[in-house]
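Peer 1: For reference, the structure I am asking about is given below.
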Amino acid sequence: VPPTCDWRKATNIISSIRNQGNCACCWAMAAVDNIQALWSINHHQRVDLSVQELLDCNRCGNGCNGGFVWDAYITVLNNSGLASEKDYPFQGHWKPHRCLAKKYKKVAWIQDFTMLSSNEQAIAGYLAAHGPITVTINKKLLQNYQKGVIKATPGSCDPHHVDHSVLLVGYGREKRGMQTGMALSHSRKPRRSTPYWILKNSWGAQWGEKGYFRLYRGNNTCGITKYPLTARVGPLVKKPPISCPP
Amino acid sequence: DSLLPKDAVPQPLELKEVFKLFQIQFNRSYSNPAEYTRRLSIFAHNLAQAQWLQQEDLGTAEFGETPFSDLTEEEFGQLYGHQRAPERIPNMAKKIESEKWGQS
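Protein chains in written order, with the working numbering: chain A, 1 to 246; chain B, 1 to 104.
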């Protein structure tokens, strides 16, 4: 597993930050971001895919009232792909029984989807080798988050109560020493770097670190390892043509 | 009418100033004075919550004013999560255990 990985540094892999507004569609945006990134990695072709198609055509019919990433993938499989964002644009609201999937040409599709192991080292390895994946976390600490690496305990952020899906785009280590009072009071201890995950949120670029945030890597912070899911795009190959930039 | 010392008096005004800047930054307006007062109260609560999180966090995160600082925890949960609690993952069959060892 490479020591660092940041798919944002690769050209045309990660799309710009989305804003779900008052529509609880994080699940659809995370799934579309995952498929778009994998399509770019495997086909060297940038596509902008329709989130609205997932909201209108979701098999559970809940649209902006919530859903899960696996529902999004099943919808893509059932509809044999996704239309483009240009043809089927995001509205920020949805009405049941208004699926227009058959009206527009499919511009990308998936073969399958899979859930990864809950081992954070294995997740890092898969991320570096194959591309960004989706994760579902407890979003409790994100309402007041501005920047930096969140390191929580199960007491401050319950890892079993996961309620927000985002795209995992990389990982690294913060070189500064830990900033807790305890660490500072023990000045003889060597300064340790903080391992972190880099996650893409869908709450606009005004939030967090230009729309991104970082979680501590190594203690299942906020339940990040509970549902690591990804689509499978393209044929099963040993190694995709692009590797993750350090 | 207050028993507070003189230097404590400006605090509410400072909060209102901070809230005014928040409203400008994130383009927020409220329909009536009652709603404004409610949102101001929620904003103050969230700033206090952010301060507490700052003390509790074990990493390097900074907490404070965000675009969601005028929302209650419940409103934030309803608007920005996926709401429904996952019951099970699709295609994950339940494991049927036999009462006798050796039988699948």
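The beta carbon of each residue, even a glycine, is placed where N, CA and C say it ideally should be. The model shown is predicted, which means the values in this text are computed figures rather than measured ones.
(1) Is there a Cβ of chain B sitting closer than 8 Å to that of C26(A), yes or no?
(2) Hey, how far is the Cα of P154(A) from the Cα of Y104(A)?
(3) Please name the residue or residues paired with I137(A) in a DSSP beta bridge.
(4) Does H164(A) get closer than 8 Å to chain E when you measure Cβ to Cβ?
(5) Give the DSSP bridge partners of A252(A), in chain order.
(6) Can you list, in chain order, the residues of the stretch 40-61 of chain B whose Cβ is nearer than 8 Å to any Cβ on chain A?
(7) Mind pulling the beta strand (DSSP E) runs of 3 or more residues that sit fully within the stretch 32-91 of chain A?
(8) Hey, does T194(A) have any beta-carbon neighbour from chain B nearer than 8 Å?
(9) Are the CB atoms of P245(A) and I123(A) within a distance shorter than 8 Å?
(10) Quick one, which residues of the stretch 67-82 of chain B are near chain A if we go by CB-CB under 9 Å, in chain order?
(11) So F213(A) is in the beta strand (DSSP E); what residue range does that whole segment cover?
(12) Assign T194(A) to one of three DSSP states: helix, strand, or coil.
(13) Out of Q78(B), L79(B), D70(B), which one is the CA nearest neighbour of Y30(B)?
(14) Counting beta carbon pairs with one atom in the stretch 131-139 of chain A and one in the stretch 39-53 of chain B, are three or more of them shorter than 8 Å?
(15) Going by DSSP, what residues sit across from N19(A) in a beta bridge?
(16) For F63(B), return the contacting residues in chain A, with the cut-off set at a CB-CB distance below 8 Å.
(17) How many angstroms separate the CA atom of L116(A) from the CA atom of P33(B)?
(18) Do V169(A) and I198(A) come within 8 Å of each other at the CB atom, strictly closer than that value?
(19) Hey, how far is the Cα of D56(A) from the Cα of V47(A)?
(20) For chain B, find out if any of its Cβ atoms is closer than 8 Å to the Cβ of T180(A); answer yes or no.
(21) Label G131(A) either buried or exposed according to how many other C-beta atoms from any shown protein chain fall within 10 Å of its C-beta, with 16 as the threshold for buried.
(22) Could you check what DSSP says for R39(B) in three-state terms: helix, strand or coil?
(23) Checking contacts by CB at 8 Å: is K175(A) closer than that to chain B?
(24) In chain B, what lies closer than 7 Å to Y216(A) by C-beta?
(25) Verify the contact flag: G218(A), CB atom, against every heavy atom of the ligand ZN, threshold strictly below 7 Å.
(26) Which value, in whole angstroms, describes the spacing of the CA atoms of R59(A) and L100(A)?
(27) Answer yes or no: does any C-beta atom of chain B fall closer than 8 Å to that of R188(A)?
(28) Exposed or buried, what is H164(A) when buried is set at 16 or more other beta-carbons lying within 10 Å of its beta-carbon?
(29) Would you report the Cα separation of V162(A) and R232(A), rounded to the nearest angstrom?
(30) Measuring only the C-alpha atoms, how far is K95(A) from G204(A)?
Peer 2: So, to answer that:
(1) Taking the first residue of the first sequence as 1, we reach residue 26(A) at position 26. Interface residue, yes.
(2) Residue mapping note: residue 154(A) aligns to position 154 of the first sequence, counting from 1. Residue mapping note: residue 104(A) aligns to position 104 of the first sequence, counting from 1. If you take the alpha carbons of P154(A) and Y104(A), they lie about 45 Å apart.
(3) Reading the first sequence from its first residue, position 137 is the one you call residue 137(A). For I137(A), which the question treats as bridged, DSSP gives the partners H164(A).
(4) The structure shown contains no chain E; its protein chains are A and B.
(5) Any question about residue 252(A) goes unanswered here, given that chain A covers just 1 to 246.
(6) N46, Q49, A50, L53, E56, D57, L58, G59, T60, A61
(7) none
(8) Locating residue 194(A) in the first sequence gives position 194, counting from the first residue. Chain B, which has a Cβ nearer than 8 Å to the Cβ of T194(A), makes this yes.
(9) Along the first sequence, read from residue 1 onward, the residue named residue 123(A) stands at position 123. Along the first sequence, read from residue 1 onward, the residue named residue 245(A) stands at position 245. No, they are not a contact pair.
(10) P67, F68, S69, L71, E73, F76, G77, Q78, L79, Y80, G81, H82
(11) As a working note, residue 213(A) is residue 213 in the first sequence. Per DSSP, F213(A) belongs to the beta strand (DSSP E) from 212-216.
(12) What you label residue 194(A) is simply residue 194 of the first sequence in a count that begins at 1. Here T194(A) sits in strand by DSSP.
(13) The residue labelled residue 30(B) in the question sits at position 30 within the second sequence. The option with the nearest alpha carbon to Y30(B) is D70(B).
(14) no
(15) Walking along the first sequence from the start, residue 19(A) turns up at place 19. W203(A).
(16) By 1-based counting over the second sequence, the position of residue 63(B) is 63. The contacting residues are L141, N144, Y145, Q146.
(17) Counting from one through the first sequence, the residue named residue 116(A) turns up at place 116. Counting from one through the second sequence, the residue named residue 33(B) turns up at place 33. In a straight line, the C-alpha of L116(A) is about 51 Å away from that of P33(B).
(18) The count along the first sequence starts at 1 and reaches residue 198(A) at position 198. The count along the first sequence starts at 1 and reaches residue 169(A) at position 169. It is a contact, given that the beta carbons lie within the stated cut-off.
(19) What you label residue 56(A) is simply residue 56 of the first sequence in a count that begins at 1. What you label residue 47(A) is simply residue 47 of the first sequence in a count that begins at 1. Looking at the two C-alpha atoms, the distance is approximately 20 Å.
(20) By 1-based counting over the first sequence, the position of residue 180(A) is 180. Residue confidence for T180(A) is low, a pLDDT of 46 falling below 50, so the modelled location carries little weight; the figure read from the coordinates is stated next. Chain B contact via Cβ: present.
(21) Taking the first residue of the first sequence as position 1, residue 131(A) is located at position 131. With 16 or more other Cβ atoms within 10 Å, it is buried.
(22) Start at 1 with the first residue of the second sequence, and residue 39(B) comes out as number 39. In this structure, R39(B) counts as helix in the three-state DSSP scheme.
(23) Along the first sequence, one-based indexing puts residue 175(A) at 175. With 8 Å as the cut-off, K175(A) does not count as an interface residue toward chain B.
(24) Start at 1 with the first residue of the first sequence, and residue 216(A) comes out as number 216. The contacting residues are G59.
(25) Because no ligand of any kind appears in the structure shown, any question about the ligand ZN cannot be addressed here.
(26) What you label residue 59(A) is simply residue 59 of the first sequence in a count that begins at 1. What you label residue 100(A) is simply residue 100 of the first sequence in a count that begins at 1. About 13 Å.
(27) If you number the first sequence from 1, residue 188(A) lands on position 188. The predicted model places R188(A) with a pLDDT of 49, which falls under 50 and marks its position as unreliable, so this point remains unresolved.
(28) If you number the first sequence from 1, residue 164(A) lands on position 164. Classification for H164(A): buried.
(29) Translated into positions along the first sequence, residue 162(A) becomes position 162. Translated into positions along the first sequence, residue 232(A) becomes position 232. Between V162(A) and R232(A), the C-alpha separation is close to 23 Å.
(30) Residue numbering aside, residue 95(A) sits at position 95 when the first sequence is read from its first letter. Residue numbering aside, residue 204(A) sits at position 204 when the first sequence is read from its first letter. C-alpha separation (whole angstroms): 23 Å.
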